[in-house]
Amino acid sequence: MEHISKILAEEDISVFTSYEAEVFSQIENCQNCSLCITYCPVFKATSQFYPGPRGIADELSRNVREFWQTKDVVYMCTLCGRCQEVCPKNVPVPEAVKLIRAKIFVQRQNLVPEQLRKLLDNISRYGYIFEPMDREERVESVRGRLERLGLPYIEDAPLDGSKGKVAYFPGCQAETRLLEVKEAGKLVLAKFNVDYGIPEGWKCCGLPVRLIGDGATADTLQKEFFRGMKDAGVSEIVVTCAGCASELKNAAKRLRQQITVRHLVEYLFEEVGIEAIREKATHGGKVRVTLHEPCHLSRHVGRYVIEYAEEILKALPNVEYVGMESADECCGAGGLLKFHFPSIAGKIRSEKLEKILEAEVDFVVTPCPLCVVNISEGVTRRKIGISVDDLTVFLARRLYAG
Amino acid sequence: MLEAEVLVIGGGIAGLVAAARAADEGLEVLVVDKGSGATYQSAGVVDVMAYPPSQGLFLNPLKGVEVTVKTAPTHPYAIIGRGNEEESVRRVKEAVEYFIDLTSSGIRLEGDIERNVILMNTIGSFKVTCLAPHTIFNGKVDDLSDASLLIAGFRGLLGFNPAFCASGAEYIASKFNVNLKEAMYTWLSHPRLRKFNLTFIELARMMDDDEFRKELGEALRKAVAEREATHIALPTLGFESPEENMKVIEEEADVKVFELISPPPSIPGQRMVKILEECVRKRKVRVIRGYKAAGFREENMRVKEIILESGEKKIPVRVGACILATGKFIGGGLTEEEDMVKEAVFGLPVYDGRGQPLDERKIPKLLVRDPFSQQPLIACGVKVNPQMKPLTLRGKPYENLFAAGSIISGYDYVKERSGIGVAAATGYFAGLNAAYCLKR
Amino acid sequence: MNAYDVIVIGGGSTGTSIARDCAMRGLKTILFERKDLASGATGACAGMISGGVKYALQEPDFAEMCTREVVYLSRIAKHIVFRTPILTAILTEEELKLREKFVDTYGTLTRKRQASPILILSPREARKLEPKLSPNIILAAYFDEMFIDPFRLAVLTALSAKQHGAEIRTYTEVVDILKRNGEVYGVKVRDRLTGKEEEVYGKIVVNAAGAWVPKISRMAGVSQTLRLNKGTHVVFDRRITGFGIICRALDGRSVYLFPHETGAILGTTAIDIFTDPDDAEATYDEVEYLISSMEMAVPSIREARIVRVMCGVRPLIAQWWIPEGDVTRNFKVIDHEERDGVKGLISVEGGKLVVCRAMAEKITDLVCEKLGREAACRTHLEPLPGAEGEVDLNKLSLKYNVSPHTVSRLASRQGALSQNILACAESDPSALTSVCLCESVTEAELRHAIRGEWGKTLEDLRRRTRMGMGPCQGFSCAYKAAAILAEERGMSASEAFRELKAFLTERCKGHSIVLRGSQLSEWEMTQAAYNCVGSMDDVTPLED
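Protein chains in written order, with numbering that gives the first Met the number 0: chain W, 0 to 401; chain P, 0 to 439; chain G, 0 to 543.
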C-alpha cells in the first residue's frame, strides 16, 4: 500500500471519499456559461484577483493535480451560494470550496491564511470561535445592553433532562459578542411558554471551524454536541443564528440523529403560530422595517425560512414591513472573509448598505447575529441613521414592555 | 404561503408574462422559480418569427405567423388562434404588445412587429430578430447604408475579436444588400480594465461608471476622427444603464453608437430577466426564488396541490389554477430517463413537433447528425389544446392546469427564431385562460 | 531538382519518428501526411505505453524492446509521459482463476525486470482507494503503466525532425508513386487545402501510412495485406476514476477505463474490417458493449458524460485464424527491393505506439544502408522539444500573474517551452486570455500551435492543445479560436465560418450517438448560441 501511496503522491492523484467524488463530479457539470460571475458578490467587488465561481469550477474540474493550486482563490469565497442557485446545472461551488479548504488544511496547512488559523486557537482554548468576556464584564455588558433595549433579564433555564424540553443553542456570536441575542432568545421562548433549557458547557457549532478547513475538529465538536443532546433526552433544538441552523441541520443529517434542529423563526412559525405572535407583540411604536436575508438560511437551509420571517414581521402590529432590493445578497461577512480579506468584505458590505438606504426604513432586521454585527459596523462607520437588529431581538422588543 | 389562486411554476419569460396577465385579471398570483433557466441565457432581443417551418427567411414576422398557421397546425401560434390565421396573427400581436408594455419601465424595446431586422453579433455573424432594446436596435444593418463602421474591441476581452467582426460585417452587408462603405476595427484598453481574461460583465459594469464612459467616449472620439467613422459598435453598452451610457458616449464621440448582440449568457439577456421580474412584481405578483416543484396532488382531474421543495423541506401549496412554464432542457422542464424524454413535474406525455406522442422513441432518434440542421428534439414537449391546457396520459387535460413557453411542443425556437414570441404569446393566453378558469 | 534522400509517407507516431531519425542522421528528409499529424491509429488509441510484460512469455525479445522503449520515452518526452495506477477488478471466481495465472507470471517477470510490482488488494482496500468500484468485486489487482499523449508525441517528434532540417507537410496527400524501370524515384502529391499538385523526387520512399500502407503500396504496383482491425473508444469529459480500471468485457475480452489528463477513455473493441479504413465508423452497438462491460466494475459509468466516440483502425500484421488479441504487436520492416524487386521503397507493418522510436531506428538503419551513409542513431538520447528542462510552475505563475492551474495545463503539453509561450505575454498581455476555459488554453498557446506546430484547422488545434475537448465541446471556445485562426492564416470571414461549422459538426458527431442527463442542456445552449444567435444554420448560399 505504501507503494501505491508513493505513486499517487508522485502523480498528484488525490483519492477521494465517495462524498468528495460526488461533489467534484457535480463541479464538472460546469458549462462555462459564466452566468455565476454576474451574481457573485466577491467577483463584483474584486474581479482582478478572483476568477469567480466559474474560475473555481474550471480549475477544480479540469485539474489533474492537487487542489492546493487554488489556494489563492478558495479563501476568497463567501460561500453565499448565489452561484449555485443561478447555475443551470446547480454546480455546488460552495461545497467544493469547503472540501478544498479541508484538503489544504490537512495536506498543506501552511497555505491556510494566518488569521484563520489563529481563530482555531480560540476553539481549543474557550470552545468558542471568539474569546469570551470575563464573567464580570459579561454581566455588566448584558445589563447595559438590556437597559438600552428596554428588555428585562431572565436567568438561563437549565436543560434538566426532562422530557419534551427544547434545547436553546445560542451560538458563539450571541455568547461572546452580540449578547442581547441570547437574552432575546430566552425572552421570546419564555413569552410563548416554551419549555426550553440551555445546554451546559456547550461549544461552537463547528461552522467556522469547517470553513477554516479543520473538518476533523468540526466533526468532533458536532459528535460531542449531539451525544450530549441525546444524553439530555433532547429531541428538539432551537437556534438563533443562521450559520448554526444550517450547520447543525447538516450535522444532524450526516450523523443520522433523530433530533430536529430549527431556527427560532421556523419554530415560531411552525409551532407557535402567527396568530399567537400577533396577539402578544403589542409593544413598541410605529416602525418601518426591512429584512436582510442571511445566505445561510435562504440558500443553505431553504427560502421557506425567509417566507416565515416575512410573515412574522408582517403580522406584528404597528410594524410596516417593506421588501428590500437584493435582500438575499450576501452582506460580506460570509466565509470568514472579514478576517483575512477585510477590504473585499467591506466592498460587498457597501453594496448592501446602498440597498438598505434605498429602502428608507427605520430598522433593518436579520435572523443572523453575524450579519447583524457586520451590517452594524457598516452603518456606524457611514453614520447612517438606521437601527440594525437581530430579528430575535427585534421580536423581543415587540413582545416586552420597554 | 400555503395557498395560491394561480401558481406559476417557472420564472422565465413565459411564466412571468402569464403571471402578470393573470394578476391583471385581479387574481392572486405566485411565481416559483428554482433560480436557473434558459431565460437567463437569452440574447435579450424579441424573436417573433423569422424562418417559418419549412420556409426561408420572412421579412415580415406576422406574415411568417400566417404561413406557420397554414402549414403547421401543431405550432403554438396556430393553437392559440385555433387554426385561424387572422385570429392567430391578432393574438400574437396582442401578446407581444403586452410584453413591450410590461417591460416598458425598464427597457425601451424598439422595432416593428411587421418587420424583422438584421443585427450583428459579437461572433462576427448576424442575427435576425424583430424587436430589440434601443441600444442594440440602433445598429440594425439596414441603417448602415453608406456607413463607415468602427468596431471597437477591448484587449483581453474573452470572446470578442473586432477584426473578425469587421470582416464579418462586410460579408453580412453584402449578403443583405446593404451598401456598407467600410468596416474597420480598433483595439482599446484602459488602466482600470484587466489585461487578460476580461469578462463581459466586468466591462459592462465599467460602462455604467460615469468616469469610465466619459473616458471611453473621448478615446472613441479620437479613433472616429482618425478613421473617419460614422458609426461605432461596442461589445456591450453596460448592465444597469445602457441607454444613458450610450448617450454619454455618443455625445463625446459625436457619432451613432450601438451594442452588438452576444451569445448566451449575454448582458442584455440578463438585464431583460431582471427588469421583467421587477416589472412583474410591480403588478402585484409574488415571485419567489429557490423553490422547485417536486410533485402534485390531483382529484377528479383537478390539480389540488403542488409540492414545492425548498432545501430539505417539502411544502404543499394549495392551488386554484396552475401554469407550467418550466422550460425545456436548460430550464429542466424536460428531463431524460433511460434515453427517453420526460416531463419533470406532472409526468405529462411528451410529444414531438408534429403532434405525435414520443412513446418509447429514444433521444438519439430525435437528433440529426449535422448540428446546423433542424433538430427534431428541440420541438418536443407537452401538447396543449387551444386553452393552453396540456394533455395528460388519459387524453384529456386537467381542468386547471395550463402550460406556457418552451415546455410546449410543436415549434422549434432555434430554427424559427421564435423564442420570446412564443413564450409571450403562450404565457399571455395561459395567464388569461387560467384567470377565466378560476373566475368561472 | 527537389531531390530528397528520404520521402516519408504518413504522419503518425511511426512516420514522424522516421522523419526525425533520418533528419538527425543528416538525411534530406520530407514527410507527407494527407490529414493532420496523428489522425490515424496514433490519434485513436488510449496512449498506453506498456513495458510489454504481457508479451514476455510468447515474444521475449519484443517484450524487452518495449521495456527499453518505455525508459527512452520517459526520458526524451518526460513532460508528456505520466503514470497511471491501475486496478484490475475481478468479479467472479472463474475470472479469478484465469487471472491468477497471469498475476503469477507477471509477478515473476516484474521482479526480474524491476518493473512495478503487482499487488493484490481486498475489495475493501480497493474500494477505499477507488470508491467508484462496484461493491461486487471479490478482488483487485494493482499495477501501474505509463501513458503518453499521442498527439503531442507526434507533434513534438515532427518538430524535432523539423529542427534537424526535415520538411513536414500536412494536408498533403500522396496520390501516386513515381516508378521507372522497377525503381521508385519519387511521389506525386496533392495539397488538400489548395488543390495544387506537384511531383517530389527522392531516393528512398518509406511507406509508414499505417492502415493505408496497402493503398500506397498499390501505387507502386506492390501488393500487401494487413489485418485491418477497428477499435472504438468512448471519451468522457472528466476523469471519473482516479485509477485506471480493467475488467472483463461481456464477451470475455478485457476492457479498460483510463483517466487521461482531464478526461477518461473507455475502450476498446476489435472488429476486423474489409472496407476502406476511412469508412470505419464507431457504432452504437460498440458503445453499448463498452459501457455495459465496464458497468460491472464501475456502475456509475452509465451516467458519465460521453463527449466523443472515436474509432481507429489497427494496421496489424496479417495473422489469421487467431483472435485479434493474439496477433503479434511486433513490427515488420519490408524492403520491397528484396521482396518485390521494386527498388527505393520500404514499408512497415504492424507495430505499437510504444516502439515507434525503435521502428524508426530499424527503418532508418535500412535507409542509411541503402544510401551508403553511416550515422549512429541518437533519437533515444536527445530530448524532444519541451523535455529539456524542468518547469517551475509557481515561478511562472507569479511572473505572468496567471493561475498555477493554467500554467500546469500548459506545461503538461509544452513542458519547458511553456516559458517561451508565456514570454510573448510581455509584449501583449491579452494573449494570456484563456480561449478554452475548460482546458485552460491561452491565446498564446493557440497562436504558437498555429505558427509553430502546423495548426491549420480547428481540429488540428484541438489535437495540439485539447481545446474543445472539455464539457462544453467547443461551445464557448470554437468561435473565439476561429477568429484567431482567421487572423493568423489570413482567412476571410466566410472561410472561417466554414471552418467553425466543420469543427462543430465533428464535435457533434461524438455526442449524437448518446445524449443524456446534463448534456441535454449543454446541447440546447449550443444550438441556441450557434444557430439562433449565431445564424450558423443560415442556408442562404455564402457568396465570397
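Glycine is no exception: its CB is placed at the ideal position from the N, C-alpha and C atoms.
These numbers were taken from a predicted model, which means no experiment stands behind them.
Item: Cα-Cα separation, W:E223 to W:A173; Value: 21 Å
Item: Nearest to G:G39 (by Cα), restricted to the options G:K229, G:A55, G:E94; Value: G:K229
Item: DSSP state of G:W319 mapped onto helix, strand, coil; Value: coil
Item: 7 Å Cβ cut-off: residues of chain P touching W:Y49; Value: By Cβ distance, chain P contributes nothing, its closest Cβ being about 11 Å from W:Y49, past 7 Å.
Item: Against chain W: residues of the stretch 76-90 of chain G by CB proximity under 9 Å; Value: F81, R82, T83, P84
Item: Reduced DSSP secondary structure (H/G/I, E/B, other) of G:S253; Value: strand
Item: Interface residues of chain P facing G:N180 [CB-CB closer than 9 Å]; Value: Going along chain P, no residue has its Cβ under 9 Å from G:N180, so there is no contact; the nearest lies around 49 Å.
Item: Under the three-state DSSP convention, the category G:R226 falls into; Value: strand
Item: P:H230 (DSSP reduced to helix, strand or coil); Value: strand
Item: According to DSSP, residues forming a beta bridge with G:R304; Value: DSSP lists no partner for G:R304.
Item: Inter-stretch contact (C-beta, 8 Å, three-pair minimum) for the stretch 23-32 of chain G and the stretch 52-59 of chain G; Value: no
Item: Residue-level contact to chain G via CB, W:V92, 8 Å cutoff; Value: no
Item: Residue burial classification, G:N393 (beta-carbon count within 10 angstroms, cutoff 16); Value: exposed
Item: The beta strand (DSSP E) enclosing G:N206, as first and last residue numbers; Value: 196-206
Item: Contact list for W:S297 against chain P, beta-carbon separation under 7 Å; Value: G289
Item: Which of helix, strand or coil DSSP assigns to G:P470; Value: coil
Item: With 16 other Cβ atoms within 10 Å as the buried cut-off, status of P:R193; Value: buried
Item: Same chain, Cβ closer than 7 Å to W:L267, five either side skipped, listed in chain order; Value: I276, I311
Item: G:M64 burial status per 10 Å Cβ neighbour count (16 or more: buried); Value: buried
Item: P:A162 versus W:F393: straight-line alpha-carbon distance, rounded; Value: 60 Å
Item: 8 Å Cβ cut-off: residues of chain P touching G:L265; Value: In chain order: nothing, as chain P lies at least about 18 Å away.
Item: Backbone CA spacing between G:L431 and G:R412 [nearest angstrom]; Value: 16 Å
Item: Beta-carbon proximity list for P:G155, same chain, < 6 Å, skipping 5 on both sides; Value: K194, F195, L197
Item: Residue burial classification, G:Y551 (beta-carbon count within 10 angstroms, cutoff 16); Value: This structure gives no information on residue 551 of chain G, because the portion of chain G shown stretches from 0 to 543.
Item: Listed by chain order, chain W residues near G:K131 by CB distance under 7 Å; Value: A20
Item: Nearest-angstrom Cα separation, counted from P:R20 out to P:G326; Value: 19 Å
Item: W:I311 at chain P interface by Cβ criterion, 8 Å; Value: no
Item: C-beta contact flag for G:L499 and G:L457 at 8 Å; Value: yes
Item: Neighbour flag for P:G34 against chain A, beta carbons, 8 Å; Value: Among the protein chains of the structure shown, namely W, P and G, there is no chain A.
Item: Which listed residue (P:N83, P:K283, P:P234) has its alpha carbon closest to that of P:E260; Value: In the sequence under discussion, the amino acid at residue 260 of chain P is Ile, which differs from the Glu named in the question. Of the listed residues, the one whose Cα sits closest to P:I260 is P:P234.
Item: Three-way DSSP call (helix, strand, coil) for P:N120 in this model; Value: strand
Item: Interface flag, P:F136 vs chain G, CB-CB below 8 Å; Value: no
Item: C-beta contact flag for P:I266 and P:F238 at 8 Å; Value: yes
Item: Closer than 8 Å to chain P by CB, W:T37; Value: yes
Item: Inter-residue spacing [alpha-carbon to alpha-carbon] between G:M218 and G:C531; Value: 48 Å
Item: Boundaries (first-last residue) of the beta strand (DSSP E) holding W:Y320; Value: 318-320
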